[in-house]
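Asker:
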Amino acid sequence: MQDNQLLKDKGLIVVRGARMHNLKNVSVSIPRSQFVVITGVSGSGKSSLAFDTLYAEGHRRYVESLSSYARQFTGKLSKPDVDSITGLAPAIAIQQKVTTRNSRSTVGTNTEIYDYLKLLFARIGKTYSPVSGKLVKRHTVSDVIDYITSLEAGHRFLLVFTYKPHNGRSIEESVNILRQQGYARLLADQQVVRIDDFSPDKHKEIKVVVDRGTTGPADEEDLSRLADSVQTAFFEGRGSCEVLLIDAPERNAVFSNQYSEDGIQFEEPSVHLFSFNTSYGACPTCEGWGTVIGIDENLVIPDQNLSFFEGCVAPWRTDGMRWWMSQVISGAEKAGFHIHRPYRMLSEQQKKMLWEGTKWFQGIHAFFKEVESNLHKIQYRVLLSRYRGRTVCPECGGSRLRKEALYVKINGYNIAQLAEMQVQDLLKTFREMKFSPFEREIADRLIREITTRLEYLCNVGLGYLTLNRRSDTLSGGETQRIQLTTSLGSSLVGSMYILDEPSIGLHSRDTEQLISILKKLKSAGNSVIVVEHDEDVMIAADYIIDMGPGAGSQGGEVIFAGTPAELVHSENSLTAKYLTGRMEIEVPTTRRTPKEFITIEDAYQHNLKGITVRFGLECLNAVTGVSGSGKSTLINEILYPAMLKYLDLPGERPGLHKALHLPKNRIKKVEFIDQNPIGRSSRSNPVTYIKAFDEIRELFASQKLSKLRGYGARHFSFNVPGGRCEACEGEGILTVEMQFMADVHLICEECNGTRYKKEVLEVKIHDKSIYDILEMTVDEAFDFFTSINAPKISRQLKPLMDVGLGYVKLGQSGSTLSGGEAQRLKLASFLTQGSHSVSTLFIFDEPTTGLHFQDVKKLLAAFNALIDNGHTVLVIEHHMDVIKCADWVVDLGPEGGIGGGHLIFEGTPEDLVKCENSYTAKYLARKLVPSGQNIY
3 MQDNQLLKDK GLIVVRGARM HNLKNVSVSI PRSQFVVITG VSGSGKSSLA
53 FDTLYAEGHR RYVESLSSYA RQFTGKLSKP DVDSITGLAP AIAIQQKVTT
103 RNSRSTVGTN TEIYDYLKLL FARIGKTYSP VSGKLVKRHT VSDVIDYITS
153 LEAGHRFLLV FTYKPHNGRS IEESVNILRQ QGYARLLADQ QVVRIDDFSP
203 DKHKEIKVVV DRGTTGPADE EDLSRLADSV QTAFFEGRGS CEVLLIDAPE
253 RNAVFSNQYS EDGIQFEEPS VHLFSFNTSY GACPTCEGWG TVIGIDENLV
303 IPDQNLSFFE GCVAPWRTDG MRWWMSQVIS GAEKAGFHIH RPYRMLSEQQ
353 KKMLWEGTKW FQGIHAFFKE VESNLHKIQY RVLLSRYRGR TVCPECGGSR
403 LRKEALYVKI NGYNIAQLAE MQVQDLLKTF REMKFSPFER EIADRLIREI
453 TTRLEYLCNV GLGYLTLNRR SDTLSGGETQ RIQLTTSLGS SLVGSMYILD
503 EPSIGLHSRD TEQLISILKK LKSAGNSVIV VEHDEDVMIA ADYIIDMGPG
553 AGSQGGEVIF AGTPAELVHS ENSLTAKYLT GRMEIEVPTT RRTPKEFITI
603 EDAYQHNLKG ITVRFGLECL NAVTGVSGSG KSTLINEILY PAMLKYLDLP
653 GERPGLHKAL HLPKNRIKKV EFIDQNPIGR SSRSNPVTYI KAFDEIRELF
703 ASQKLSKLRG YGARHFSFNV PGGRCEACEG EGILTVEMQF MADVHLICEE
753 CNGTRYKKEV LEVKIHDKSI YDILEMTVDE AFDFFTSINA PKISRQLKPL
803 MDVGLGYVKL GQSGSTLSGG EAQRLKLASF LTQGSHSVST LFIFDEPTTG
853 LHFQDVKKLL AAFNALIDNG HTVLVIEHHM DVIKCADWVV DLGPEGGIGG
903 GHLIFEGTPE DLVKCENSYT AKYLARKLVP SGQNIY
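Under the working numbering, the first residue of the sequence shown is numbered 3, with each subsequent residue one higher.
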């Protein structure tokens with residue numbers, strides 16, 4: 003019987019009795035070495051199955067295989083609540099979150115491309131002198147002999163070295179020592195003289211003749227003698243010797259076994275020389291950070307649209323500093339400096355003139371040096387502080403490396419120049435590089451690893467990134483795709499990859515490339531399991547598992563497991579209904595026509611090409627475009643900070659743009675709603691975030707028993723002493739550290755996990771204690787408070803249901819919510835304010851993250867509720883169902899990185915599909931087909 007079961011389970015990952023979180027004793031078979039998608043509505047148990055069960059057990063088994071000593075240094079892992087899992091392979095999880103906040107981590111270090119670059123430069127990099135541009139080379143004895151023997155036969159030569167006396171030793175003493183060492187001849191005034199005839203009074207430099215001979219081929223005995231002589235010359239000459247041809251002085255040659263040129267001693271290339279994370283390779287000024295506190299260009303020149311004549315240099319606008327401005331104007335013509343051209347349109351050379359000065363005028367740096375020399379006066383200290391900020395390191399120019407590392411080049415490029423290229427350009431550069439046969443033999447494997455990883459980055463839509471881009475500036479989707487690239491580059495076979503919505507942040511154009519990458523991972527013999535809602539990814543999968551039917555306590559079951567072709571015939575699956583068109587997110591029958599606009603004029607931060615963009619007031623705006631086209635730059639770095647500044651609120655300095663225009667008093671508040679957690683503490687939860695817990699505690703405090711015992715609202719809080727259990731301090735659990743084993747989490751014996759003292763739990767409303775309330779889902783709590791006639795609490799909970807969070811428990815820890823859930827919770831907190839709040843601009847960054855079609859429908863309804871209350875909603879989005887429902891669409895592109903930053907289109911979705919230059923238009927067109935004509 004057991005053998006038959008093993009045969010049946012061969013080639014399958016079989017999960018039996020999974021009960022993590024809301025999973026209801028789930029048993030499911032997943033084919034190995036296949037591309038599998040797990041889908042379902044938010045909160046249906048997808049992540050509980052994929053990450054908390056499959057990955058947790060796979061990772062735990064690996065850690066358990068290590069020694070107890072090694073396990074002390076690994077994460078402590080608990081066994082997931084599951085009866086058994088068979089057929090499990092080593093597991094690798096790639097989640098959609100920024101994995102590091104370290105400013106030293108970059109795209110290059112994360113993908114390991116920079117590690118290979120360091121090794122490549124250390125092995126075949128050539129050092130060039132910054133003085134003459136000559137190749138720096140360490141000569142050997144063989145190099146000297148080869149030079150002598152390669153010349154035509156018959157030339158007489160001298161092998162000499164320059165003798166440098168030790169400190170304090172006179173010329174006479176030095177000559178006597180040479181005589182004692184057996185040297186017979188010296189070179190003086192290009193003439194060979196006997197050492198006994200040498201006059202130290204006439205000559206300050208001593209050149210010693212080590213050997214003489216004739217050039218051309220030599221026999222073995224002569225070569226052996228010559229080799230000894232060269233070695234002696236190197237030693238006595240402190241690493242340097244010369245071959246002087248008596249009858250052809252133009253062919254004299256200097257050799258050095260020191261790594262030097264032009265009188266400069268250079269560092270030999272090594273891996274550590276190119277590492278900005280070591281003290282050896284890092285720039286000594288910025289210590290490898292790339293930035294320092296100094297004079298900030300953006301503060302000195304706050305408006306780069308102004309010309310010098312119009313006063314672009316802010317500190318020179320005052321009457322007291324006019325001299326600095328006038329002396330530049332008077333010398334500008336001679337220097338070739340354009341004083342009437344906007345600063346941002348000046349060439350790099352002209353900007354350098356303004357900052358560093360010329361022989362006709364002094365620049366900005368000279369001005370601030372004078373300011374620094376007068377810091378004993380308070381007005382100068384105030385002036386300097388006004389223009390200081392974090393700026394590019396002047397020593398390394400932001401490369402983070404010491405200058406010696408930048409002298410090493412391959413095909414004319416130093417490592418910093420390669421790291422500053424866009425990935426797509428870097429890949430092209432490597433394909434065009436030429437190497438000698440010797441270099442090719444050394445570098446072939448390294449170049450193959452580098453180009454393979456660069457290709458993967460391009461294939462997942464990240465060709466616009468640079469290797470020196472800091473990891474903490476990447477979005478969650480970008481971080482996940484970089485991890486995917488790293489995994490592909492490692493070429494693992496027979497592993498289980500579990501990915502969390504890799505299509506997030508990816509335009510539909512790039513999703514096709516992502517699918518091919520996932521299939522390539524599968525074809526290498528790996529099991530690829532993806533938690534995903536994108537319909538293109540689902541249709542491309544080999545196998546689909548649909549969780550549901552609802553969320554939270556209504557979910558946790560496998561509704562369907564099979565191929566995509568079988569899924570479309572399922573009657574119980576919400577996913578199937580949306581894929582087949584039986585259910586859909588309807589195109590609005592009418593659209594709001596914006597009458598007034600917020601306008602960003604002439605935006606040119608990063609790759610934006612001086613675009614002027616409008617956003618409609620009191621309507622749904624969607625900003626879209628391929629990855630890297632400039633959406634986040636336009637909204638997160640320009641519009642949001644500019645709005646804060648306009649409203650006199652604190653915030654970051656807005657990115658480069660000319661002006662922000664909007665009708666007076668039309669927007670009085672701005673809210674940026676991202677996917678950051680609502681709180682890192684296990685004590686934060688949805689009911690406290692939306693302020694409903696205050697009302698609930700007041701309600702319990704108003705009960706008759708509470709009044710008899712003197713309980714106030716604070717007695718029903720688990721965050722402060724009073725009514726909480728003091729044994730666990732309101733946590734409900736006690737954690738016991740087990741060193742190299744997983745920590746043991748025990749239910750508190752004092753309160754039995756309820757968080758409260760026994761007498762506090764005796765206060766009840768309709769037989770429900772405060773603990774019972776926290777254990778309710780939002781849906782259950784809404785029904786309960788409606789039934790007991792507590793309308794204020796019901797009104798506060800209703801927005802949570804409207805944004806699709808009805809399945810979340812009131813007391814669920816905020817740290818367990820996904821990014822999408824946290825974002826919708828923030829949205830719900832604003833919906834609770836209703837029409838009483840002032841006119842607000844709401845900005846959402848990818849709000850559909852983690853949302854099923856059904857949840858997107860609820861989200862759009864929530865957006866419309868905000869707009870109906872007089873607010874304006876703006877979303878950065880790739881989801882075509884959201885874009886088709888927008889009133890006003892702004893499309894950027896056409897490509898990412900340098901190829902992006904253009905305004906392709908602004909207007910209605912119907913007009914967008916007519917735009918031939920837009921990638922978005924192509925994919926949006928199939929979403930605007932009449933109802934019932936779903937293209938799938």
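Beta carbons: idealized from backbone N, C-alpha and C, even for Gly.
This structure is a prediction, so every number in the text was calculated from the model and none was measured.
Find the nearest neighbour of T487 within the set E537, K794 and S518, judged by alpha-carbon distance.
Answerer: Of the listed residues, the one whose Cα sits closest to T487 is S518.
Asker: Looking at the unbroken beta strand (DSSP E) that takes in R390, where does it start and where does it end?
Answerer: R390 to V394
Asker: Could you tell me which uninterrupted beta strand (DSSP E) segments, each at least 3 residues in length, are contained entirely in the segment 258 to 342, listed from first to last along the chain?
Answerer: 293 to 297
Asker: Evaluate the contact criterion for the segment 587 to 600 versus the segment 617 to 625: three or more CB pairs, one atom per stretch, below 8 Å.
Answerer: yes
Asker: Closest to F123 by CA distance: which of S29, E269 and C887 is it?
Answerer: Relative to the Cα of F123, the nearest Cα in the group S29, E269 and C887 belongs to E269.
Asker: Over what stretch of residues does the alpha helix (DSSP H) that includes E59 continue unbroken?
Answerer: A58 to E66
Asker: Starting from the Cα of M347, find the closest Cα among G612, G898 and A624 and give me that residue.
Answerer: G612
Asker: Return the residue from the list T626, V875 and A694 that minimises the CA-CA distance to D893.
Answerer: T626
Asker: Bridge partners for C753 per DSSP, in chain order?
Answerer: Partner(s): none; C753 has no beta bridge.
Asker: Hey, out of Q556, D446, L641 and E397, whose CA is closest to F844's CA?
Answerer: L641
Asker: Taking the straight line between their C-alpha atoms, what separation do you get for A553 and G47?
Answerer: Each residue's Cα considered, the two are about 8 Å apart.
Asker: I need the straight-line Cα distance from M540 to Q856, nearest angstrom please.
Answerer: 16 Å
Asker: Thinking C-alpha only, which one of V232, A255, L622 and I698 is nearest P590?
Answerer: L622
Asker: Give the range of the alpha helix (DSSP H) segment to which V877 is assigned.
Answerer: Where V877 is concerned, there is no enclosing alpha helix (DSSP H), although the beta strand (DSSP E) it sits in stretches over T874 to I878.
Asker: If I'm right that G156 touches G218 with Cβ under 8 Å, what's the distance once you round it to whole angstroms?
Answerer: 6 Å
Asker: Please classify I412: does DSSP put it in a helix, a strand, or coil?
Answerer: strand
Asker: Looking at the unbroken beta strand (DSSP E) that takes in Q193, where does it start and where does it end?
Answerer: Q193 to R196
Asker: Would you kindly work out how many angstroms separate the C-alpha atoms of P504 and R483, rounded to a whole number?
Answerer: The alpha-carbon atoms of P504 and R483 are separated by roughly 7 Å.
Asker: Determine whether the beta carbon atoms of K660 and G653 lie at a separation below 8 Å.
Answerer: Not a contact, by the Cβ cut-off of 8 Å.
Asker: In its own chain, which residues sit with a C-beta less than 7 Å from the C-beta of S29, not counting the 5 before and 5 after it?
Answerer: V17, R18 and G19
Asker: Are the beta-carbon atoms belonging to L119 and I417 less than 8 Å from one another?
Answerer: yes
Asker: Measuring CB atoms only, is the segment 709 to 727 touching the segment 783 to 799, in the sense that at least three cross pairs come out at less than 8 Å?
Answerer: no
Asker: For H904, report the span of its beta strand (DSSP E) as first-last.
Answerer: H904 to G909
Asker: Rounded to whole angstroms, what's the CA-CA distance from K666 to L876? Just pull it up for me.
Answerer: Cα to Cα, the separation comes out at about 19 Å.
Asker: By DSSP's criteria, N623 is part of a beta bridge. Which residues make up the other side?
Answerer: L876 and W890.
Asker: So which of W326, S332 and Q182 has the shortest CA-CA distance to E372?
Answerer: Cα-wise, what sits closest to E372 is W326.
Asker: Put H663 into one of helix, strand or coil per three-state DSSP.
Answerer: Three-state result, H663: strand.
Asker: Identify the residues that DSSP records as bridge partners of C243: which are they?
Answerer: F257
Asker: Put E918 into one of helix, strand or coil per three-state DSSP.
Answerer: coil
Asker: Tell whether a beta-carbon distance below 8 Å holds between T475 and C395.
Answerer: No, Cβ-Cβ distance for T475 and C395 is not below 8 Å.
Asker: For S328, I'd like the list of residues in its chain whose CB is within less than 8 Å of its CB, leaving aside the five on either flank, ordered along the chain.
Answerer: If we look at S328 and ignore the five residues flanking it on each side, it has no Cβ neighbours.
Asker: Whose C-alpha, out of L14, L25, G13 and I15, is nearest the C-alpha of V560?
Answerer: L25
Asker: Return the residue from the list V212, G215, A250 and S387 that minimises the CA-CA distance to D298.
Answerer: S387
Asker: So is D769 buried or exposed if we call it buried at 16+ other beta carbons inside 10 Å?
Answerer: exposed
Asker: Do you know offhand how far K411's Cα is from I295's?
Answerer: 30 Å
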